[in-house]
Amino acid sequence: MTSTMFNERLDQLPAYPFPRLAALLDGIEPGQSPLVMSIGEPQHEPPAMITDAMVKHANLWHKYPPGAGTPELREAIKNWLDRRYDLPTDMLDRDDHILPVAGTREALYLIATTVIPQDTPGPKPKVLLPNPFYQVYCGAAVLNDAEMVPLAAGPENGFLPDLDQIDTETLDACRLFFLCSPANPQGSIASRDYLERIIALARKHDFVLAMDECYADIYDRSAPVGALEICAAQGGNMDNVLVFHSLSKRSSAPGLRSGFVAGDRKIVKRFTALRSYCSATIPMPVMAASVDLWNDDAHARENRDLYRAKIDIAEEIFGNRFGFYRPPGGFFLWLDVGDDEAATKKIWREAGVKVIPGSYLSITDAKGNNPGKQFIRIALVHDLATTRDGLTRIAQALEN
Ligand SMILES: Cc1ncc(COP(=O)(O)O)c(C=O)c1O
């Protein structure tokens, strides 16, 4: 028998997209000055209030931050949720329903540890996720010994999983369902009706719906509906529902590591318990800055306007070519280029722009389909002039 000192489930994870991209482009010289549009890392100027709060609260660095965040932060988050989704003020209790987290990445991973039953007899519990997907969902499923069930989210179903295609057996075995709206990478937004249906399924089949809404404040025409809005319309019933939000995109501050989860109080309670054993907490000065950011909508509006202006530029450049559509939410273009890896290499070789092949964000499902493989994802994270330059170069390379 061979033994290993490592967790062998790590070997079951697909290679992370960015090292894969580095390997794909290795040895290819960029034809023009290099520009990175592969990573969804906002390059907009973060609001000055972050620095102001850090300076003002510098006396708090000596404190261990409370795992559940400060009451002020939970209060600011509650007030933002109430404003953003027009919730009745008595629906969310800041102490029972809201848990600040050090970025949603870790929370999206740890929710799986919180809710997936361990050591149960019979087949593995299932984790359902859209395909393509934010990679952490996959890590959360595999490392918690669940079976990952990717659900194709291609153009034929409006870039969202088709809920009618999921069989009852799968739904019964599902313990956790990740959904992202607005979706990374496609920018699709789940409608009110869609959310009503998925929440009803969560309750009927008793799984947790983990709604990744971290792009909620970045949208083109109309504000994406949130899962808590559906709960509000149902008299405030938040059973089985958890939403994930972040300041990384809303406030162009991914380095801050500040987000939260909110929803079903039973899950929030267990999640809080789990996090006290393993989680990074948010430093006190960062929490103070986060209070100011959640309390302010003006900077988020400016941010959104800037993204919209870049989508205008993209529309001007791509028109109806390469399957271009205005992403309803988020800040990615999801272009249909036929062969994703070939296009990515060509764009790098000829235009010097780094984009990411769609199939690096998706996996081949049981039927042999990989819904990402004909697409590339382009992150519109730079300033207007840089974005115009990058998109013009990409279009030229694709036309050649
Ligand atoms: C869909 C999605 N969810 C979650 C995250 C994690 O964001 P953060 O950990 O910065 O809050 C990202 C970051 O790129 C993302 O694209």
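Here our numbering is used: the first residue of the sequence shown is 151, the next is one more, and so on. C-beta: ideal position from N, C-alpha, C; glycine also. This one's a predicted model, so the numbers in the text were calculated from it and none came from an experiment.
Checklist entry - Out of curiosity, what's the CA-to-CA distance linking V391 and A377? => result Roughly 8 Å between the two C-alpha positions.
Checklist entry - Which residue from V418, E465 and L443 puts its Cα closest to that of V265? => result V265 has its Cα closest to that of V418, out of V418, E465 and L443.
Item to check | Start-to-end residues for the beta strand (DSSP E) that takes in R527 | outcome: Counting along the chain, the beta strand (DSSP E) containing R527 begins and ends at F525 to A529.
Next on the checklist: For T239 and I248, what's the separation of their Cα atoms in angstroms?
Outcome noted: Rounded to whole angstroms, T239 to I248 spans 14 Å at the Cα level.
Checklist entry - Of the residues P180, M155, T154 and Q162, which one's Cα is nearest the Cα of W498? => result The shortest C-alpha to C-alpha distance from W498 to any of P180, M155, T154 and Q162 is the one to P180.
Next on the checklist: Within 8 Å, do at least three Cβ pairs link the segment 420–431 to the segment 180–199?
Outcome noted: As far as the Cβ criterion goes, the segment 180–199 does not touch the segment 420–431, which means the pair count is below three.
Checklist entry - Hey, which unbroken runs of the beta strand (DSSP E) at 3 residues or more fall wholly within the segment 335–379? => result Scanning the segment 335–379 for uninterrupted beta strand (DSSP E) segments of 3 residues or longer gives 358–362, listed from N- to C-terminal end.
Next on the checklist: I'd like to confirm something about P404: is its beta-carbon nearer than 6 Å to some heavy atom of ligand 1, or not?
Outcome noted: Correct: P404 has its Cβ closer than 6 Å to ligand 1.
Checklist entry - Taking the continuous beta strand (DSSP E) assigned at E297, which residues delimit it? => result If you look at E297, you'll find it in the beta strand (DSSP E) that goes E297 to A302.
Item to check | Spatially closest choice to E466 from L541, T220, D455 and D236, by CA coordinates | outcome: Nearest neighbour of E466 by Cα position, chosen from L541, T220, D455 and D236, turns out to be L541.
Checklist entry - Going by the CB atoms, is the gap between I506 and R476 shorter than 7 Å? => result No, these two residues do not count as a Cβ contact at 7 Å.
Checklist entry - If P374 and G308 are in contact, beta carbons under 8 Å, what's the gap, nearest whole angstrom? => result Their Cβ separation, rounded to whole angstroms, is 14 Å, which puts P374 and G308 out of contact at 8 Å.
Item to check | DSSP three-state assignment for K274, whether helix, strand or coil | outcome: In the structure shown, K274 sits in coil (DSSP, three-state: anything other than H, G, I, E or B).
Checklist entry - Relative to the alpha-carbon of E379, which residue among T254, I368, G473 and S341 has its alpha-carbon at the smallest distance? => result S341 is the residue among T254, I368, G473 and S341 whose C-alpha sits nearest the C-alpha of E379.
Checklist entry - Under the DSSP definition of a beta bridge, which residues are partnered with V186? => result Under DSSP, the beta-bridge partners assigned to V186 are K504.
Checklist entry - Do A382 and L258 have their CB atoms nearer than 7 Å? => result Their beta carbons are not under 7 Å apart, which means A382 does not touch L258 by this criterion.
Checklist entry - On the three-state DSSP scale, how would you describe S426? => result S426 sits in a helix when the DSSP states are folded into three classes.
Next on the checklist: Below 8 Å, how does it come out for the segment 445–460 and the segment 391–403: are there three or more Cβ pairs, yes or no?
Outcome noted: Taking 8 Å as the limit for Cβ pairs, the verdict is that the segment 391–403 does touch the segment 445–460.
Checklist entry - When you compare only the Cα positions, how much space is there between D462 and W484? => result A straight line joining the alpha-carbon of D462 with that of W484 spans about 15 Å.
Checklist entry - Roughly how many angstroms lie between the CA atoms of N519 and L301, to the nearest whole one? => result Rounded to the nearest angstrom, the two C-alpha atoms are 10 Å apart.
Checklist entry - What do you reckon, is the C-beta of R255 under 6 Å from a heavy atom of ligand 1? => result Taking 6 Å as the cut-off, the C-beta of R255 counts as close to a heavy atom of ligand 1.
Next on the checklist: I'd like to check one pair, L293 with R420: are the Cβ atoms closer than 7 Å?
Outcome noted: Not closer than 7 Å, so no.
Checklist entry - If we ignore side chains and look at the alpha-carbon of each, how far apart do L456 and L534 end up? => result About 8 Å.
Checklist entry - Roughly how many whole angstroms lie between the Cα atoms of I348 and F394? => result Rounded to the nearest angstrom, the gap between the Cα atoms of I348 and F394 is 16 Å.
Checklist entry - With distances taken between CB atoms, is the gap from H207 to P435 smaller than 7 Å? => result Cβ distance < 7 Å, so H207 and P435 count as in contact.
Checklist entry - With 16 as the cutoff for other CB atoms within 10 Å, does L512 come out buried or exposed? => result Note that residue 512 is Ser in the sequence shown here, rather than Leu. Around the beta-carbon of S512, 16 or more other beta-carbon atoms lie within 10 Å, marking it buried.
Checklist entry - Just to confirm, does N520 get its C-beta within under 6 Å of one of the non-hydrogen atoms of ligand 1? => result Every heavy atom of ligand 1 is 6 Å or more from the Cβ of N520, so no.
Next on the checklist: Between C330 and ligand 1, is there a pair consisting of the residue's CB and a ligand heavy atom that are separated by less than 6 Å?
Outcome noted: Within the cutoff, so yes.
Item to check | 4-residue-minimum alpha helix (DSSP H) runs that sit fully inside the segment 416–496, ordered along the chain | outcome: List check, alpha helix (DSSP H) in window: 434–445, 448–468 and 490–496.
Checklist entry - Count the other CB atoms within 10 Å of the CB of I368; is the residue buried (16 or more) or exposed (fewer)? => result I368 is buried by the Cβ-count criterion.
Checklist entry - Helix, strand or coil: how does DSSP classify R325 here? => result Secondary structure at R325: strand, using DSSP grouped into helix, strand and coil.
Next on the checklist: Please state the DSSP three-state secondary structure of P250.
Outcome noted: Strand, per DSSP.
Next on the checklist: Please report the distance separating the alpha-carbon of N281 from that of L313.
Outcome noted: When rounded, the separation of the alpha-carbon atoms in N281 and L313 is 13 Å.
Next on the checklist: Quick check: the Cα distance between R224 and G473, rounded to an integer number of angstroms?
Outcome noted: Going from the Cα of R224 to the Cα of G473 covers about 42 Å.
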